[in-house]
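S.K.: Encoded as structure tokens, here's the structure I'll be asking about.
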């Protein structure tokens, strides 16, 4: 590191003359920011998960945590700011403008870029969602800074953000740092980080800034929002219990055994990549690096081998039960309970046993 | 209509294995494929070409062997293919990649103006979904990510309408050409390559551009040098310390062991049982 201060000295090997020293004018960048994602009256819970992480990072750096809220003048941004304090923020930067009602890339990119240039945070976190990824890529390019996508762990190394993420389709992990640029940007997928505890006694202040854009400046128009029909939405990400079908179920017909167990438990049905690729279940049910990240209270994997790309999407589950014929399948390395046996035989028995057990309990309550 | 489709050649990650002892990736014999997400972008571009006429140029940055991926795209019906390849691009992160691709698209536009740029939603090796937005910002194109449907293109009026996937629904957006679209997966099905296109793909030259051909102006913005992110370490996942509580079952004990397991789980995690019962009775 000290080499960079003496330009004549040899650079560290493997970095090919890259500047890894933070330039003087960027040293004043301080604080950890979270972009608070909201739409049609709701804050995406990923923003609060990030707030919990931001608090931990900021405490290590001894700097404040700030939330960033962009929205229309008739949206409850002050109420969202109060929630942000409860989850760990010290301050909220707020931009209210009619053109910020409903997410659009252009005004949001300008708004967030202007806020960063004005108030200079050292770290900025966003959810790895359709909104967060669209915005993060645009803002990082506009600012010319580093962005690490889909992080699974955030830490501080020295004074810099050490962002760990899966690489090579989830078969290995790598830690990425942005040393010579600010802010250091990172996105994190929903449910990767746990929800922080609420502290109702916390408060904070609001700093307002104007966007300085009018509707005619913006090329792209938001004509309508078409909500998903409720029966077609699969709420895998926030499900309490998930029963996942793997290729070990042999054929599409046997997937119904997973559905039956899920029904008894009031669970969602998940799938491995092989199962969605075979068309046995919809793509939106896929759990793993290229699918959803989940952390349910109970995860039952039936006929799932446990490839790393699947594992990174579910290993944070509280209780993992694996059913597989192969006692050496990697899924048993991360499961808490394992059944070495044929899922087609085990699933109906488990379903029946649970049904009679839970029925008794429900009758007791009623 | 002139459409540029950005593609990437990636290792088929479904076939990557980690060495159980050394925890390193075993890359031998892993086939290289066109990033599967990019095929949805290519098919959508080909459909617009079918409708409006014009050309589809596929663009790829990568090592010389990425030519195979471009030939694959030609066999599906792309008009021509450009491979941006230079050792100076090695080690590029998403910011440096978007700089190089944007320069190449600008160069392509000098031959014939570009109306639309397509990319896949993300790649299966990097998974970042950041290069598309980066290219759009650098070229000043209207950015439309996670597009699930192209509703209407009015080439003469220079307008287009798309549906964009958002949390809990889709946004209906209208914008002007030129735009950059990142296409959502599962939105269409790649056509079968025709015999004519397959033969043409074998003969058609893939143009190879080095950094000068691609119109790179600032060498400090490409490759490792132009990448703000630094990989500080690569490592394998740590195995869980406590081993699973495992039983082997067959015809003789499947009933008993399943009951036994439920008992164990509900005793160790009583709130799980209470919450499940509450949820089911609600």
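Residue numbers (this note's numbering), protein chains in the order written: chain A, 1 to 366; chain B, 367 to 648.
A virtual CB, placed ideally from N, CA and C, is assigned to each residue, including glycine.
As the structure is a computational prediction, the values presented were derived from the model and not from experiment.
Within the 9 Å Cβ cut-off, does residue 459 of chain B reach chain A?
M.R.: Against the second chain, residue 459 of chain B aligns to sequence position 93. Yes, residue 459 of chain B lies at the interface with chain A (some Cβ there is under 9 Å from its Cβ).
S.K.: Between the segment 473–488 of chain B and the segment 100–119 of chain A, do three or more beta carbon pairs fall short of 8 Å?
M.R.: The segment 473–488 of chain B is not in contact with the segment 100–119 of chain A.
S.K.: Indicate whether the contact test is met: 3 or more Cβ pairs, each with one atom in the segment 47–65 of chain A and one in the segment 150–162 of chain A, closer than 8 Å.
M.R.: Segments in contact, yes.
S.K.: Would you check if the distance between the CB atom of residue 310 of chain A and the CB atom of residue 273 of chain A is smaller than 9 Å?
M.R.: Indexing the first chain from 1 puts residue 310 of chain A at position 310. Indexing the first chain from 1 puts residue 273 of chain A at position 273. Yes, Cβ-Cβ distance for residue 310 of chain A and residue 273 of chain A is below 9 Å.
S.K.: Do you know offhand how far residue 525 of chain B's Cα is from residue 476 of chain B's?
M.R.: Position 159 of the second chain, counting from 1, holds the residue named residue 525 of chain B. Position 110 of the second chain, counting from 1, holds the residue named residue 476 of chain B. Approximately 22 Å, taken between the alpha carbons.
S.K.: Starting from the C-beta of residue 64 of chain A, find all residues in its chain whose C-beta is less than 7 Å away, skip the five residues before and the five after it, and write them out in chain order.
M.R.: Residue 64 of chain A sits at position 64 when you count from the first residue of the first chain. Excluding residues within five positions, the ones whose Cβ falls inside 7 Å are 31, 58, 90, 91.
S.K.: If you draw a straight line from the alpha carbon of residue 20 of chain A to that of residue 490 of chain B, how long is it in whole angstroms?
M.R.: Locating residue 20 of chain A in the first chain gives position 20, where the first residue counts as 1. Locating residue 490 of chain B in the second chain gives position 124, where the first residue counts as 1. Roughly 28 Å between the two C-alpha positions.
S.K.: Hey, is the segment 31–40 of chain A in contact with the segment 72–92 of chain A, meaning 3+ C-beta pairs nearer than 8 Å?
M.R.: Judged by Cβ distances under 8 Å, the segment 31–40 of chain A makes contact with the segment 72–92 of chain A, as three or more pairs qualify.
S.K.: May I ask which residues mark the beginning and end of the alpha helix (DSSP H) holding residue 436 of chain B?
M.R.: Taking the second chain and counting its residues from 1, one reaches residue 436 of chain B at position 70. Unbroken alpha helix (DSSP H) run through residue 436 of chain B: 433–442.
S.K.: Can you list, in chain order, the residues of the segment 100–121 of chain A whose Cβ is nearer than 9 Å to any Cβ on chain B?
M.R.: Cβ contacts with chain B: 102, 103, 104, 105, 106, 109.
S.K.: Can you grab the Cα-Cα spacing for the pair residue 345 of chain A / residue 508 of chain B, in whole Å?
M.R.: Within the first chain, the letter at position 345 stands for residue 345 of chain A. Within the second chain, the letter at position 142 stands for residue 508 of chain B. Spanning the two alpha carbons is a distance of roughly 54 Å.
S.K.: In chain A, which residues lie with their C-beta within 9 Å of the C-beta of residue 544 of chain B?
M.R.: Reading the second chain from its first residue, position 178 is the one you call residue 544 of chain B. Under the 9 Å cutoff, chain A gives no residues; its nearest Cβ is about 11 Å from residue 544 of chain B.
S.K.: Roughly how many whole angstroms lie between the Cα atoms of residue 522 of chain B and residue 411 of chain B?
M.R.: Here residue 522 of chain B refers to the residue found at position 156 of the second chain. Here residue 411 of chain B refers to the residue found at position 45 of the second chain. Rounded to whole angstroms, residue 522 of chain B to residue 411 of chain B spans 18 Å at the Cα level.
S.K.: Of the residues that make up the segment 502–524 of chain B, which ones have a beta carbon closer than 9 Å to any beta carbon in chain A?
M.R.: Under the 9 Å Cβ criterion, the segment 502–524 of chain B contributes 502, 503, 504, 508, 509, 510, 511, 512.
S.K.: Does the segment 198–216 of chain A come close enough to the segment 92–109 of chain A that 3 or more CB-CB pairs lie under 8 Å?
M.R.: Yes, since at least three Cβ pairs between the segment 92–109 of chain A and the segment 198–216 of chain A fall closer than 8 Å, the two stretches touch.
S.K.: Grab me the residues of residue 86 of chain A's own chain with a C-beta within less than 7 Å of its C-beta, minus the 5 sequence neighbours each way, in chain order.
M.R.: Your numbering for residue 86 of chain A matches position 86 in the first chain. Same-chain partners within the cutoff: 198, 199, 200, 202.
S.K.: In chain order, which beta strand (DSSP E) runs of at least 3 residues are fully inside the segment 190–266 of chain A?
M.R.: 205–208, 221–227, 241–245, all fully within the segment 190–266 of chain A.
S.K.: Output, in chain order, the set of chain A residues within a Cβ distance shorter than 8 Å of residue 641 of chain B.
M.R.: By one-based count along the second chain, residue 641 of chain B stands at place 275. Those are 240, 297, listed as they occur along chain A.
S.K.: If the cut is a Cβ gap below 9 Å, which residues of chain B does residue 332 of chain A touch?
M.R.: The residue you call residue 332 of chain A lines up with position 332 of the first chain. In chain order: 609, 610, 612.
S.K.: Residue 442 of chain B to residue 407 of chain B, Cα distance in whole Å?
M.R.: Position 76 of the second chain holds residue 442 of chain B. Position 41 of the second chain holds residue 407 of chain B. The straight-line gap from Cα to Cα measures roughly 12 Å.
S.K.: Can you pull out the residues from the segment 486–497 of chain B whose beta carbon lies closer than 7 Å to at least one beta carbon of chain A?
M.R.: Within the segment 486–497 of chain B, the qualifying residues are 490, 491, 493, 494, 495, 496.
S.K.: List, in order along the chain, the chain B residues whose C-beta lies closer than 8 Å to that of residue 221 of chain A?
M.R.: Your numbering for residue 221 of chain A matches position 221 in the first chain. Those are 539, 540, 541, listed as they occur along chain B.
S.K.: Note down the Cα distance separating residue 375 of chain B from residue 137 of chain A, rounded to an integer number of angstroms.
M.R.: The count along the second chain starts at 1 and reaches residue 375 of chain B at position 9. The count along the first chain starts at 1 and reaches residue 137 of chain A at position 137. Cα-Cα distance, rounded: 21 Å.
S.K.: Where do the N-terminal and C-terminal ends of the alpha helix (DSSP H) with residue 644 of chain B fall, by residue?
M.R.: Reading the second chain from its first residue, position 278 is the one you call residue 644 of chain B. 636–647 is the span of the alpha helix (DSSP H), which, as asked, contains residue 644 of chain B.
S.K.: Name the residue from A/66, A/183, A/172 whose alpha carbon lies nearest to the alpha carbon of residue 113 of chain A.
M.R.: Here residue 113 of chain A is taken as the residue at index 113 of the first chain, counted from 1. The residue with the shortest Cα to Cα distance from residue 113 of chain A is A/183.
S.K.: Suppose you measure from the CA of residue 371 of chain B to the CA of residue 554 of chain B; what does that come to, to the nearest Å?
M.R.: Along the second chain, read from residue 1 onward, the residue named residue 371 of chain B stands at position 5. Along the second chain, read from residue 1 onward, the residue named residue 554 of chain B stands at position 188. If I take the Cα positions, the gap works out to 16 Å.
S.K.: Helix, strand or coil for residue 117 of chain A, going by three-state DSSP, please let me know.
M.R.: Counting from one through the first chain, the residue named residue 117 of chain A turns up at place 117. Here residue 117 of chain A sits in helix by DSSP.
S.K.: Under 7 Å, CB to CB, which of the residues in the segment 338–352 of chain A have a partner in chain B?
M.R.: Listed by position along the chain: 338, 339, 340, 341, 345, 346, 349, 350.
S.K.: For residue 631 of chain B versus residue 298 of chain A, is the C-beta spacing smaller than 9 Å?
M.R.: Taking the first residue of the second chain as 1, we reach residue 631 of chain B at position 265. Taking the first residue of the first chain as 1, we reach residue 298 of chain A at position 298. The answer is yes: Cβ separation under 9 Å.
S.K.: Out of B/487, B/583, B/591, which one is the CA nearest neighbour of residue 549 of chain B?
M.R.: The residue labelled residue 549 of chain B in the question sits at position 183 within the second chain. Closest option to residue 549 of chain B, Cα to Cα, is B/487.
S.K.: Check whether chain A comes within 9 Å of residue 616 of chain B, counting only Cβ atoms and requiring the distance to be less than that.
M.R.: Here residue 616 of chain B is taken as the residue at index 250 of the second chain, counted from 1. Yes, because at least one Cβ of chain A sits closer than 9 Å to the Cβ of residue 616 of chain B.
S.K.: What are the partner residues of residue 338 of chain A, as DSSP defines its beta bridges?
M.R.: The residue labelled residue 338 of chain A in the question sits at position 338 within the first chain. Paired residue(s): A/322, B/612.
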